[in-house]
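Enquirer: Residue numbers (the numbering used here): 149 to 543. My questions all concern the structure below.
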C-alpha cells in the first residue's frame, strides 16, 4: 500500500492551489477565515467561477460534465478548498440530487436539471426530515396523492438547510400508505415557488437561520417530476445518503483551523504569559494534531485501496472518518473558544465592536455552538459505531 502522492498528483495539487489564489475573491476568503457567513450571491458567483473552469461537478461522469479525476485527485481538490479556504460546491445539488438524477432519472430530467445544477441556476434543498421522522426517516408522513397527471403533496419537512434560498427541493413523499414504510415512498422534485409552500426559519443556537420548516399544503407537482419509479424512492434515498456520508472527515477544515489556532494563540495571554507557553494547552493542541494526522492517514489508506483495486465501493471504514472527523472539528472549535476567552462572548454583528481588529473573535462562539451538530447529521456517530461493529468487526 503506497500512501505517497505521485508526481502527477503533486502537480495537480499545485494546479489547484494556483487556481484558488488567482480566482477566489479575497473578501470571500477573509469571511471564511474569520468564520463569517457568506451571502447567497457570493457563493453563487464563486461556484460559477468553478463551473466555468469545469470543476463545479468534478466527480460527475464525464458525459454529464465531470472531470474524470481519480479518487485521489478529488481528495486533493476537496482538501485544498477546505484549507485555502473556499466554499465547496453546494452539496444538495452537486453531491446529492445531481447523482440521483443522472443515475435514476429519465433523459428529459437529465437534460433539464443537470446543466442548471452545474451552473447554480437552481439552488436545491433536501426535503427528507420531518417532525418525529429524523433518525427513523422511513416513518415519514408527507403524502403525495396522484390525481391525473399531477401529485398533490401535503405534509411538513423540518431542518431543511438553506431552504430560504432554494429554487427546488428533492422531496421524499409517501405515495402508497398501505405499503411497508420503506416500500411506499417516492422521490419527487418540487419547485419551491409552487402555490402552497411556506418556508418558516428556525433560529439555531449560534443565532443564525441556516435551517427551516417547510409546509406543503395541497402543492401540485407534475408526475414528470417523479424520479425513477413510484414507490422506489427509499432506494434512491439510500444511494443519496451514501454519497452524503463520504468526505465527512473534512481533514482540510481541521488543518486550517489548527493553522489559525497557532497564528492567534500568541496574541492572547493566560496568567500573565502567552497561552502558547501554557503546557496544558500545548498538550491539547498537540493531541489534536496527532489525531488529525492519524485521521488523514486513515483516509489515505482508503484512497490507496481504491487507487489499487479500482472498485469505487464505499468502504465501511469510512465510518471511522465521520466519527473522528466530527470529533476533531468540535475539539478545534473548543480550543479556539479557550484561546479567545471573553472575546468570544455573545455578540450581534449589527452592534460591532470598538476594536475592529478583534471583531472576528465574536464569530468563534457561534462556530463552536454550530459545530455541535456535526456528530449528529449525516448519520449520527452512534449509528456509525454500529456500522463499524457490524461491517468491520463482525459483531
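Don't be surprised by glycine CBs; every beta carbon is placed ideally from N, CA and C.
Helix, strand or coil for residue 267? Go by DSSP, reduced to three states.
Expert: DSSP places residue 267 in coil when its eight states are reduced to three.
Enquirer: Run through DSSP, which three-state label would residue 246 get?
Expert: Residue state, collapsed to three classes: helix.
Enquirer: Ignore the nearest five residues each way along the sequence and tell me which others in residue 264's own chain have a CB closer than 8 Å to its CB.
Expert: Once the five neighbours on either side are set aside, the close Cβ partners of residue 264 are 270.
Enquirer: For residue 298 and chain B, any beta-carbon pair shorter than 8 Å?
Expert: Included in the structure is just one protein chain, with no chain B present.
Enquirer: CB-CB under 8 Å to residue 230, same chain, minus the five flanking residues each way: which ones, in chain order?
Expert: So the qualifying residues of the chain are 236, 398, 399, 400, 401, 403, 404.
Enquirer: Starting from residue 159, trace the alpha helix (DSSP H) both ways and give me its first and last residue.
Expert: Where residue 159 is concerned, the enclosing alpha helix (DSSP H) stretches over 155 to 171.
Enquirer: In this structure, how does DSSP classify residue 436 when only helix, strand and coil are distinguished?
Expert: Residue 436: helix per DSSP, three-state reduction.
Enquirer: Considering only C-alpha positions, which residue in the set 220, 219, 249, 354 is nearest to residue 516?
Expert: The residue with the shortest Cα to Cα distance from residue 516 is 354.
Enquirer: Does DSSP classify residue 304 as helix, strand or coil?
Expert: Correct three-state label for residue 304: strand.
Enquirer: Evaluate residue 155 with the Cβ neighbour count: other Cβ atoms within 10 Å of its Cβ, from every protein chain shown; 16 or more gives buried, anything less gives exposed.
Expert: Counting Cβ neighbours within 10 Å, residue 155 comes out exposed, since fewer than 16 surround it.
Enquirer: Residue 277 to residue 182, Cα distance in whole Å?
Expert: Each residue's alpha carbon lies about 31 Å from the other.
Enquirer: Measuring straight from C-alpha to C-alpha, what distance separates residue 473 and residue 443?
Expert: Cα to Cα, the separation comes out at about 7 Å.
Enquirer: Give the DSSP-derived three-state secondary structure of residue 211 in the structure shown.
Expert: Correct three-state label for residue 211: helix.
Enquirer: Is residue 436 near residue 406, with beta carbons less than 8 Å apart?
Expert: In this structure, residue 406 lies closer than 8 Å to residue 436 by Cβ.
Enquirer: Are three or more beta carbon pairs between the stretch 352 to 369 and the stretch 297 to 309 nearer than 8 Å?
Expert: Contact between the stretch 352 to 369 and the stretch 297 to 309 is present, because at least three Cβ pairs lie under 8 Å.
Enquirer: Using the Cα positions of residue 427 and residue 487, report the straight-line distance between them to the nearest angstrom.
Expert: Each residue's alpha carbon lies about 13 Å from the other.
Enquirer: Are the beta-carbon atoms belonging to residue 238 and residue 275 less than 8 Å from one another?
Expert: No.
Enquirer: Just confirm the distance between the C-beta atoms of residue 244 and residue 388, as a whole number of angstroms; I'd bet it's less than 8 Å.
Expert: Yes, residue 244 and residue 388 are in contact; Cβ-Cβ is about 5 Å, under 8 Å.
Enquirer: Which residue marks the beginning of the alpha helix (DSSP H) containing residue 474, and which one marks its end?
Expert: From DSSP, the alpha helix (DSSP H) with residue 474 extends over 466 to 488.
Enquirer: Would you report the Cα separation of residue 477 and residue 529, rounded to the nearest angstrom?
Expert: If I take the Cα positions, the gap works out to 13 Å.
Enquirer: Secondary structure at residue 525, three-state DSSP: helix, strand or coil?
Expert: Of the three classes helix, strand and coil, the one that applies to residue 525 here is coil, per DSSP.
Enquirer: Once you ignore the five residues that flank residue 190 on each side, which residues in its own chain have a CB closer than 6 Å to its CB?
Expert: 176, listed in sequence order.
Enquirer: Please classify residue 353: does DSSP put it in a helix, a strand, or coil?
Expert: In this structure, residue 353 counts as coil in the three-state DSSP scheme.
Enquirer: Going by CA-CA distance only, name the one from 298, 533, 332 that's closest to residue 371.
Expert: The shortest C-alpha separation from residue 371 is found at 298.
Enquirer: Taking the alpha helix (DSSP H) that residue 228 belongs to, which residues open and close that run?
Expert: Segment 219 to 231, the alpha helix (DSSP H) holding residue 228.
Enquirer: Return the bridge partner residues of residue 329 from the DSSP annotation.
Expert: According to DSSP, residue 329 bridges with nothing at all.
Enquirer: Checking 8 Å against the spacing of the C-beta atoms, do residue 208 and residue 178 come in under that value?
Expert: Taking 8 Å as the Cβ cut-off, residue 208 and residue 178 do not qualify as a contacting pair.
Enquirer: Taking just the CA atoms, how far does residue 225 sit from residue 434?
Expert: About 26 Å.
Enquirer: Within 10 angstroms of its Cβ, does residue 459 collect 16 or more other Cβ (buried), or is it exposed?
Expert: Annotation note: pLDDT 47 at residue 459 (below 50); position unreliable, no value reported.
Enquirer: How many whole angstroms separate the CB atoms of residue 292 and residue 323, which I take to be in contact at a CB cut-off of 8 Å?
Expert: Contact holds; Cβ gap of about 5 Å.
Enquirer: Please report the straight-line C-alpha distance between residue 333 and residue 385, rounded to a whole angstrom.
Expert: Each residue's alpha carbon lies about 10 Å from the other.
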